[in-house]
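One structure below.
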Amino acid sequence: MKIWNWIHKLASPPHFYRMAEFLVPWFMWPAVLLILIGAYGGLVLAPPDYMQGQGFRMIYFHVPSAYLSMLVYVVMAVAAAIGLIWRIKLAHAVAASSASIGASFTVLALVTGMVGGKPMWGAYWVWDARLTSELVLLFLYLGYITLRAAFDEISKADRASGVLAVVGVVNIPIIHFSVVWWNTLHQGPTITKLDNPSITGDMLWPLLAMILGYTLFFVAVLAIRVSGEVLTRESRSRWVGEILRAPGQIGVK
Amino acid sequence: MTPTRRRRMFIVGAIVLGVGVAVTLGLRGMQESMLYFLSPTEVLAGAATDGRDFRLGGMVRKGSVERRAGDMEMSFDVTDYENTITVRYTGVTPALFGEGQGVIAIGTMEDNNIFRAKEVLAKHDENYMPVEVADMLAQQGKAEDEAPASTAN
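Residue numbers (the working numbering), protein chains in the order written: chain A, 1 to 253; chain B, 254 to 406.
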């Protein structure tokens with residue numbers, strides 16, 4: 001089974017650490033570039049909306065944040081499940097590192113939504129199914145982070161929080177389909193549906209650039225955070241000692 | 254895959270499935286309270302007869318908005334294209350409020366089948382397009398169902 005050998009090699013902490021160090025710039029720079037292009041396209045080039053005028057431009061930050069808040073959770077839940085089933089430490093490290101990134105994107109989605117909600121709908125917040133389920137997502141992230149912090153032993157924290165992450169994945173389809181299953185103040189899906197997107201091309205491309213840029217940014221930040229997590233977890237192992245003693249490290253003479 | 258791993262995979266799968274079924278049943282059980290608003294048809298069928306505040310949602314019927322000169326008293330019809338309820342409201346409407354647009358009004362039914370709103374929210378749809386495209390669609394006569402007439406500012 002060649003593929004299993006390859007996966008095991010990839011999942012070994014020292015190998016991952018070196019690979020992440022190499023890959024981070026390859027994700028971070030395209031991410032920055034795409035976000036700059038997307039922001040310029042969305043804030044300057046795209047025409048005002050026929051109904052919402054200039055105010056619609058909030059979607060260029062709101063939609064990618066909301067999309068990432070759910071994508072990060074799926075990554076976290078899948079990593080936690082892999083960690084629970086195969087007992088791969090790197091998978092638990094990925095799950096643990098995803099939580100605060102996902103929570104940040106959720107806060108961004110909620111705040112941009114509230115800023116746009118006041119002028120468009122007439123209210124910062126309403127308790128409809130979409131907004132409520134997204135708030136539940138934030139609480140799932142915060143609960144996951146808090147649960148981890150409650151354990152001294154990292155392997156126990158991995159297992160307990162892993163179960164929570166896996167259970168919470170049920171909320172993801174609820175968020176996505178909330179606007180279809182129930183009547184809500186939030187409008188229905190614009191691009192994530194089987195039909196053609198309900199947005200013209202000159203308004204759509206900056207949005208897609210932002211979504212891709214946010215996704216690459218997440219991958220880069222995740223790689224950085226997992227590297228740190230792996231160093232902490234393996235702090236007593238020899239390869240970490242070698243890295244820390246290598247020339248050029250902070251505090252090394 | 255070793256038996257232990259298969260067992261763990263089964264447990265993880267069972268947890269997700271179990272919670273999924275429980276949440277589905279729970280949400281189906283409270284289907285009515287999950288609805289953010291009621292349509293005029295649901296209201297006239299007796300969905301909100303206990304006198305408490307509820308949210309009425311639908312489209313503002315074209316040509317129905319009347320504003321009284323001098324104060325902020327206004328009235329408009331909310332329709333779901335089957336039934337219509339007249340709403341009376343005193344106050345400021347959101348920027349996106351307009352004829353042919355989605356609206357959600359919070360308040361109660363009065364005895365004369367008129368809805369007295371305390372708050373009015375605007376609901377916009379999922380369509381985004383430049384003003385020119387909206388005008389073009391309107392000229393092609395699709396305005397009624399796809400693109401309400403341009404109100405961009």
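Ideal placement from N, C-alpha and C gives every residue a C-beta, glycine not left out.
- Three or more beta-carbon pairs drawn from the region 283-298 of chain B and the region 168-186 of chain A are found closer than 8 angstroms, and the two stretches are therefore classed as touching.
- Among the CB atoms of chain A, one or more fall inside 8 angstroms of the CB of B/M382.
- In this structure, the beta-carbon distance from A/G241 to A/G38 does not fall below 8 angstroms.
- Secondary-structure assignment with DSSP links B/V373 through a beta bridge to B/A358.
- From the beta-carbon of A/S198, the residues of chain B found nearer than 9 angstroms are D378, E379, N380, Y381 and M382.
- Partner residues in a beta bridge of A/S155, as assigned by DSSP, do not exist.
- Within the same chain, G355 and I357 come within 6 angstroms of B/K376 by CB-CB distance, once the 5 residues on both sides are set aside.
- In chain order, P13, K89, A93 and I154 place their CB closer than 8 angstroms to the CB of A/R233, counting only its own chain and leaving out the 5 sequence neighbours on each side.
- Rounded to the nearest whole angstrom, the CA to CA distance from B/V269 to A/P30 is 36 angstroms.
- Among the CB atoms of chain B, one or more fall inside 8 angstroms of the CB of A/I85.
- Relative to B/G323, the option among B/F368, B/N365, B/G344 and B/D333 whose CA is nearest is B/G344.
- Here A/G188 has V179 and V180 as same chain residues with Cβ atoms under 7 angstroms from its own Cβ, once five neighbours each way along the sequence are excluded.
- Three or more Cβ pairs closer than 8 angstroms define a contact, and the region 17-32 of chain A meets that threshold against the region 203-221 of chain A.
- DSSP places B/S328 in no alpha helix (DSSP H) but in the uninterrupted beta strand (DSSP E) bounded by E326 to T332.
- Rounded to the nearest whole angstrom, the C-alpha separation of A/L68 and A/F105 is 6 angstroms.
- Out of B/G316, B/L297 and B/K315, the CA that lies nearest to the CA of B/L309 is found in B/L297.
- Taking C-alpha positions only, A/L45 is separated from A/L138 by approximately 33 angstroms.
- At a cut-off of 8 angstroms between beta carbons, B/P347 contacts chain A.
- By the rule that beta-carbons nearer than 8 angstroms mark a contact, B/L309 does not touch chain A.
- For the C-beta of B/L288, the chain A residues within less than 7 angstroms are, from N- to C-terminus, W182 and N183.
- Residue-level contact check: A/D49 touches chain B, since one or more beta carbons of chain B fall below 8 angstroms from its beta carbon.
- When secondary structure is reduced to three states using DSSP, B/L278 falls in the helix class.
- Membership of A/G117 in the alpha helix (DSSP H) is indicated by the continuous run K89 to W121.
- Scanning its chain for C-beta atoms nearer than 6 angstroms, with the 5 sequence neighbours on each side dropped, one finds around A/R225 the residues S97, in chain order.
- Listed by position along chain B, the residues whose Cβ is nearer than 9 angstroms to that of A/D202 are P383.
- The Cβ atoms of A/P64 and A/I175 lie no closer than 8 angstroms to each other.
- For A/V221, the enclosing alpha helix (DSSP H) starts and ends at G201 to R233.
- Residue-level contact check: B/L374 touches chain A, since one or more beta carbons of chain A fall below 8 angstroms from its beta carbon.
- Residue environment for A/A150: exposed (fewer than 16 other C-beta atoms within 10 angstroms of its C-beta).
- Interface annotation, A/D128: in contact with chain B, CB-CB separation under 8 angstroms.
- For B/I268, the neighbours in chain A by C-beta distance under 9 angstroms run, in chain order, V163, V166 and V167.
- Nearest neighbour of A/V111 by Cα position, chosen from A/L135, A/A95, A/A91 and A/D128, turns out to be A/L135.
- In this structure the region 365-384 of chain B lies against the region 41-57 of chain A, because at least three pairs of beta carbons, one per stretch, are closer than 8 angstroms.
- Using a Cβ distance threshold of 8 angstroms, A/L207 and A/I35 do not count as a contacting pair.
- Shown here, A/Y60 sits in a helix according to DSSP, grouped into three states.
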